[in-house]
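Using our numbering, the letters of the sequence shown map in sequence onto residues 85 to 404. Note that the Cβ used here is the ideal one computed from N, Cα and C, for glycine as well. Since the model is a prediction, treat every value here as computed from it, not as a measurement.
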Amino acid sequence: MAEPALSIRGLTKVYGNGFHALKGIDLDVEQGDFFALLGPNGAGKSTTLGVVCSLVQKTAGQVSIFGIDIDRDFARAKYHLGVVPQEFNFNQFEKVLDIVLAQAGYYGMPRREALPRAEQLLKDLGLWDKRNGSARMLSGGMKRRLMIARALMHRPKLLILDEPTAGVDIELRRSMWEYMRRINREEGTTIILTTHYLEEAESLCRNVAIINHGEIVRNTSVRGLLAELDTETFLLDLARPVEQAPQVEGFEVHKVESAQLAVVVHRGQRLNDVFTALGEQGIEVVSMRNRANRLEEMFVSMVEQGNDERPKVERAEVGK
Numbered sequence: 085m086a087e088p089a090l091s092i093r094g095l096t097k098v099y100g101n102g103f104h105a106l107k108g109i110d111l112d113v114e115q116g117d118f119f120a121l122l123g124p125n126g127a128g129k130s131t132t133l134g135v136v137c138s139l140v141q142k143t144a145g146q147v148s149i150f151g152i153d154i155d156r157d158f159a160r161a162k163y164h165l166g167v168v169p170q171e172f173n174f175n176q177f178e179k180v181l182d183i184v185l186a187q188a189g190y191y192g193m194p195r196r197e198a199l200p201r202a203e204q205l206l207k208d209l210g211l212w213d214k215r216n217g218s219a220r221m222l223s224g225g226m227k228r229r230l231m232i233a234r235a236l237m238h239r240p241k242l243l244i245l246d247e248p249t250a251g252v253d254i255e256l257r258r259s260m261w262e263y264m265r266r267i268n269r270e271e272g273t274t275i276i277l278t279t280h281y282l283e284e285a286e287s288l289c290r291n292v293a294i295i296n297h298g299e300i301v302r303n304t305s306v307r308g309l310l311a312e313l314d315t316e317t318f319l320l321d322l323a324r325p326v327e328q329a330p331q332v333e334g335f336e337v338h339k340v341e342s343a344q345l346a347v348v349v350h351r352g353q354r355l356n357d358v359f360t361a362l363g364e365q366g367i368e369v370v371s372m373r374n375r376a377n378r379l380e381e382m383f384v385s386m387v388e389q390g391n392d393e394r395p396k397v398e399r400a401e402v403g404k
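1) For Trp212 versus Leu205, is the C-beta distance shorter than 7 Å?
2) What do you reckon, is the C-beta of Leu185 under 6 Å from a heavy atom of the ligand ZN?
3) Tell me whether the region 291 to 308 and the region 116 to 127 touch, counting them as touching only if at least three CB pairs, one residue from each stretch, are closer than 8 Å.
4) According to the neighbour-count rule (16 or more other Cβ atoms, all chains shown, within 10 Å of its Cβ), is Val119 buried or exposed?
5) Let me know if Gly123 comes out buried or exposed under the rule of 16 or more other beta-carbons within 10 Å of its beta-carbon.
6) Under 7 Å between the Cβ atoms of Gln170 and Asp117?
7) Please go through the region 171 to 200 and give each complete alpha helix (DSSP H) segment of 4 or more residues, from N-terminal end onward.
8) So, under 8 Å CB-CB, Leu319 and Met372 are touching, yes? Tell me the CB distance rounded to an integer number of Å.
9) Quick one: grab the DSSP three-state call for Gln365.
10) Measuring CB to CB, does Thr131 end up less than 7 Å from Ala105?
11) Helix, strand or coil: which one does DSSP assign to Ser138?
12) Quick one: measure Cβ to Cβ for Pro330 and Gln365, integer angstroms, because I've assumed they're closer than 8 Å.
13) So who's on the other strand from His280, going by DSSP bridges?
14) Identify every residue that forms a DSSP beta bridge with Gly166.
15) Count the other C-beta atoms from every protein chain shown that fall within 10 angstroms of the C-beta of Ala311, then say buried if there are 16 or more, exposed otherwise.
16) In its own chain, which residues sit with a C-beta less than 6 Å from the C-beta of Val184, not counting the 5 before and 5 after it?
17) Could you please give me the residues that DSSP links to Ala120 through a beta bridge?
18) Let me know if Glu286 comes out buried or exposed under the rule of 16 or more other beta-carbons within 10 Å of its beta-carbon.
19) Would you mind sorting Ser305 into buried or exposed? The rule is 16 or more other CB atoms within 10 Å of its CB.
20) Need the endpoints of the beta strand (DSSP E) that Ser91 sits in, please.
21) Cβ atoms of Glu262 and Ala323: under 7 Å apart, would you say?
22) Using DSSP with H/G/I as helix, E/B as strand and the rest coil, what is Ile111?
23) How about Leu242 and Leu165: are their beta carbons less than 7 Å apart?
24) Under the three-state reduction of DSSP, which class applies to Gln344: helix, strand or coil?
25) Indicate whether Gly145 and Gly94 have their beta-carbon atoms separated by less than 7 Å.
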């Protein structure tokens, strides 16, 4: 059986003030997976990734990348690792091409290999025509793509993306999604994504772990997690306005706008029954969509439940 791309056992981080940022985390990310690590601010996501990248010193536990213990041989482990952090951490006055070539040199890639690799990545990410300009002239979205190109220069088998589309417009975000899907599908790159855009995780990822207060509260497939939703709310756009919300037996129907309804569907119910009932009342539905991202609903529910279950004394200490 193949070693996991990332294996974490008993990962603990206690800061000098006694705050437990991580509380014995266990986590495996299998090779070839597209994995989401989710959690509210301060939950422990960045600390976990910081330990994996050797930017944060752990208190206890073990981390392995493709079976290589990072404490024993981080130099070899990091060769398999590419990281795209939240913050821009390159020299803004360097040329775009020089930034990615410097990354290749850092990993010992000969220039004869680095140049065609850089050209391929910069073309794939729409930056080739900017290669001779300084990075400071790039837009925020282009800088994000430059960080991705740099992280992929040495062909890492594991790519960590920490909020890669923060501040990026919708069109560019979707093009980046498609590129990530492609390298995961065609090159077998294992990808770990943290994001505040939960539709990103639902659209891209196969498996997900949710971390809260330094503990993994859920680790499962995205599909399995969504199957646990008890209700789902749909917005129905109507062909003509209605004066009030129609009555549909067994369903909650609310009027949102003059020609828009919100329908709450419980597990086991069929939305088609709503369409049938509305049709019998002469109400025509022209389009339908989810009111909220489904993963977001589940995520918010879990986080709120976790907050409710925490001892009040612990909350007070964290708030200090």
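Let me spell this out:
1) On the sequence shown, residue 212 is found 128 positions in, with the first residue counted as 1. On the sequence shown, residue 205 is found 121 positions in, with the first residue counted as 1. No, these two residues do not count as a Cβ contact at 7 Å.
2) Among the components of this structure there are no ligands whatsoever, and the ligand ZN is therefore not found.
3) Segments in contact, yes.
4) Against the sequence shown, residue 119 aligns to sequence position 35. The amino acid at residue 119 is misidentified as Val; the sequence shows Phe. Buried: at least 16 other Cβ atoms inside 10 Å.
5) As a working note, residue 123 is residue 39 in the sequence shown. Counting Cβ neighbours within 10 Å, Gly123 comes out buried, since at least 16 surround it.
6) Looking up residue 170 in the sequence shown gives position 86. Looking up residue 117 in the sequence shown gives position 33. It is not a contact, given that the beta carbons lie outside the stated cut-off.
7) The region 171 to 200 contains these whole alpha helix (DSSP H) runs: 180 to 190.
8) Taking the sequence shown and counting its residues from 1, the one referred to as residue 319 is at position 235. Taking the sequence shown and counting its residues from 1, the one referred to as residue 372 is at position 288. Correct: roughly 7 Å between the Cβ atoms.
9) Taking the sequence shown and counting its residues from 1, one reaches residue 365 at position 281. Residue state, collapsed to three classes: coil.
10) Walking along the sequence shown from the start, residue 131 turns up at place 47. Walking along the sequence shown from the start, residue 105 turns up at place 21. Between Thr131 and Ala105, the gap from beta carbon to beta carbon is short of 7 Å.
11) Residue numbering aside, residue 138 sits at position 54 when the sequence shown is read from its first letter. Ser138 carries a coil assignment under DSSP once its states are collapsed to helix, strand and coil.
12) Translated into positions along the sequence shown, residue 330 becomes position 246. Translated into positions along the sequence shown, residue 365 becomes position 281. Going by Cβ atoms, the distance from Pro330 to Gln365 rounds to 5 Å, so yes, they are a contact pair.
13) For the purposes of this step, residue 280 is taken as residue 196 along the sequence shown, with counting starting at 1. According to DSSP, His280 bridges with nothing at all.
14) Counted from its first residue, the sequence shown places residue 166 at position 82. In DSSP, Gly166 forms a bridge with Leu243.
15) Locating residue 311 in the sequence shown gives position 227, where the first residue counts as 1. Classification for Ala311: exposed.
16) On the sequence shown, residue 184 is found 100 positions in, with the first residue counted as 1. Ala202, Ala233, Arg234, Met237.
17) Within the sequence shown, the letter at position 36 stands for residue 120. Residue pairing by DSSP puts Ala120 in a beta bridge opposite Leu277, Val292.
18) The residue you call residue 286 lines up with position 202 of the sequence shown. In the assembly as shown, Glu286 is a buried residue. Its beta-carbon has 16 or more other beta-carbons within 10 Å.
19) For the purposes of this step, residue 305 is taken as residue 221 along the sequence shown, with counting starting at 1. Residue environment analysis places Ser305 among the exposed positions, since fewer than 16 neighbouring C-beta atoms fall within 10 angstroms of its C-beta.
20) On the sequence shown, position 7 is the one that residue 91 refers to. First-last of the beta strand (DSSP E) with Ser91: 90 to 98.
21) Counting from one through the sequence shown, the residue named residue 323 turns up at place 239. Counting from one through the sequence shown, the residue named residue 262 turns up at place 178. No; because the gap between Cβ atoms is not below 7 Å, this pair is not in contact.
22) Taking the first residue of the sequence shown as 1, we reach residue 111 at position 27. Correcting the residue type first, residue 111 is Leu in the shown sequence and not Ile. It is a strand residue.
23) Taking the sequence shown and counting its residues from 1, the one referred to as residue 242 is at position 158. Taking the sequence shown and counting its residues from 1, the one referred to as residue 165 is at position 81. Yes, Cβ-Cβ distance for Leu242 and Leu165 is below 7 Å.
24) Counting from 1 along the sequence shown, the entry for residue 344 is found at position 260. It is a strand residue.
25) Along the sequence shown, one-based indexing puts residue 145 at 61. Along the sequence shown, one-based indexing puts residue 94 at 10. Yes.
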